[in-house]
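Residue numbers (UniProt numbering): 1 to 259.
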């Protein structure tokens, strides 16, 4: 790898995760790199519009051109493009918000969000990044990734967002096996207190899992015994239809379990 590019990416990630503003000294300490090197990288990133410097504090923050790059990714993301109609249909069928996400590292990235048809003001969650082990979307994807990748993710220390977040690798592995059996994953207040999720995997024309589609909402609505199974069926059917729209062969989920 090119070290300068790697360090520039690390700077952007530090600003994204621990910002919003960091100085040259702070970034140099976090990256373990000399201050002149960090300063040169920041000046280059600033010239390209990827970071900007605050005049008052002289610290740096993410720049506006990153939005353009992010939007370009979303516009060319086939899963997101294909999911627009299916997500709207699922939102209308369940009267819940629908998220579509892809796995990036040990997080899932929300690439599409269909609002709940009826409800209070809602915040667009496109771009949200969530630890895979704390949400139904992440579990739905990881259950069907190749065995070596699944083992690698399970070997990492699980994230803790709430008191309900699962931290036992054996318990997480058991949940993934249940996803393989039922075709959908459940989240019970593991990302945010009071919220739940039901999600199913989505496959592409190669038969590999490329993301997940699911509903999110208050735990008392989604996981109520009288509604939970019906909602899960709706999610699973919609994910299967989206997979077919992406060209997935029949039985893609079954074949993925053997990888």
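By construction, the Cβ of each residue, glycine as well, lies at the ideal position given by its N, Cα and C atoms.
Suppose the cutoff is 8 Å on Cβ atoms and the five residues either side in sequence are ignored; what does the same chain contact list for residue i look like?
{"i": "residue 77", "result": "102 and 111"}
{"i": "residue 241", "result": "86"}
{"i": "residue 141", "result": "101, 102, 103, 108, 132, 201, 209, 211 and 212"}
{"i": "residue 35", "result": "24, 25 and 28"}
{"i": "residue 19", "result": "61 and 62"}
Ordered along the chain, which non-local residues of its own chain (more than five positions away) have a Cβ less than 7 Å from that of residue i?
{"i": "residue 278", "result": "The requested residue 278 is not part of the displayed model; the chain covers only 1 to 259."}
{"i": "residue 173", "result": "154"}
Which term fits residue i, buried or exposed, when burial requires 16 or more other beta carbons within 10 angstroms of its beta carbon?
{"i": "residue 236", "result": "buried"}
{"i": "residue 60", "result": "buried"}
{"i": "residue 138", "result": "buried"}
{"i": "residue 257", "result": "Summary for residue 257: the model assigns pLDDT 46, below 50, so the residue's position carries little reliability; its value from the coordinates is reported in the next sentence. Under this definition residue 257 is an exposed residue."}
{"i": "residue 2", "result": "exposed"}
{"i": "residue 122", "result": "exposed"}
{"i": "residue 69", "result": "exposed"}
{"i": "residue 40", "result": "exposed"}
Do residue i and residue j have their C-beta atoms within less than 8 Å of each other?
{"i": "residue 136", "j": "residue 115", "result": "no"}
{"i": "residue 48", "j": "residue 65", "result": "yes"}
{"i": "residue 204", "j": "residue 248", "result": "yes"}
{"i": "residue 63", "j": "residue 50", "result": "yes"}
{"i": "residue 197", "j": "residue 166", "result": "no"}
How big is the Cα-Cα spacing for residue i and residue j?
{"i": "residue 133", "j": "residue 220", "result": "21 Å"}
{"i": "residue 21", "j": "residue 245", "result": "43 Å"}
{"i": "residue 144", "j": "residue 180", "result": "7 Å"}
{"i": "residue 83", "j": "residue 234", "result": "15 Å"}
{"i": "residue 8", "j": "residue 177", "result": "39 Å"}
{"i": "residue 118", "j": "residue 229", "result": "21 Å"}
{"i": "residue 187", "j": "residue 218", "result": "11 Å"}
{"i": "residue 54", "j": "residue 164", "result": "39 Å"}
{"i": "residue 56", "j": "residue 30", "result": "22 Å"}
{"i": "residue 88", "j": "residue 80", "result": "12 Å"}
Could you give the first and the last residue of the continuous beta strand (DSSP E) run that contains residue i?
{"i": "residue 131", "result": "129-131"}
{"i": "residue 218", "result": "209-218"}
{"i": "residue 191", "result": "Where residue 191 is concerned, there is no enclosing beta strand (DSSP E), given that its DSSP letter is neither H nor E."}
{"i": "residue 120", "result": "Careful: residue 120 lies outside any beta strand (DSSP E) and carries neither H nor E."}
{"i": "residue 142", "result": "Looking at the DSSP string, residue 142 is not in any beta strand (DSSP E); the run it does join, the alpha helix (DSSP H), is 136-142."}
{"i": "residue 104", "result": "97-104"}
Let's see if you can read the secondary structure: which residues bound the alpha helix (DSSP H) around residue i?
{"i": "residue 11", "result": "3-18"}
{"i": "residue 62", "result": "Taken as a continuous stretch (DSSP letters only), residue 62 belongs to no alpha helix (DSSP H), being part of the beta strand (DSSP E) at 60-62."}
{"i": "residue 94", "result": "78-94"}
{"i": "residue 27", "result": "24-31"}
{"i": "residue 172", "result": "169-182"}
{"i": "residue 51", "result": "No alpha helix (DSSP H) contains residue 51, which is instead part of the beta strand (DSSP E) from 51-53."}
Is there a Cβ from chain D that is less than 8 Å from the Cβ of residue i?
{"i": "residue 60", "result": "The chain inventory of the structure shown lacks chain D, comprising one protein chain alone."}
I want to check one thing, is the minimum distance from the CB of residue i to the heavy atoms of the ligand MG below 7 Å?
{"i": "residue 67", "result": "Absence of the ligand MG from the depicted structure is noted, as is the absence of any ligand whatsoever, leaving it without description."}
Please go through the same chain and pick out, in chain order, the residues whose beta-carbon is closer than 6 Å to the beta-carbon of residue i, but skip the five residues on each side of it.
{"i": "residue 125", "result": "110 and 113"}
{"i": "residue 185", "result": "136, 139, 140, 179 and 199"}
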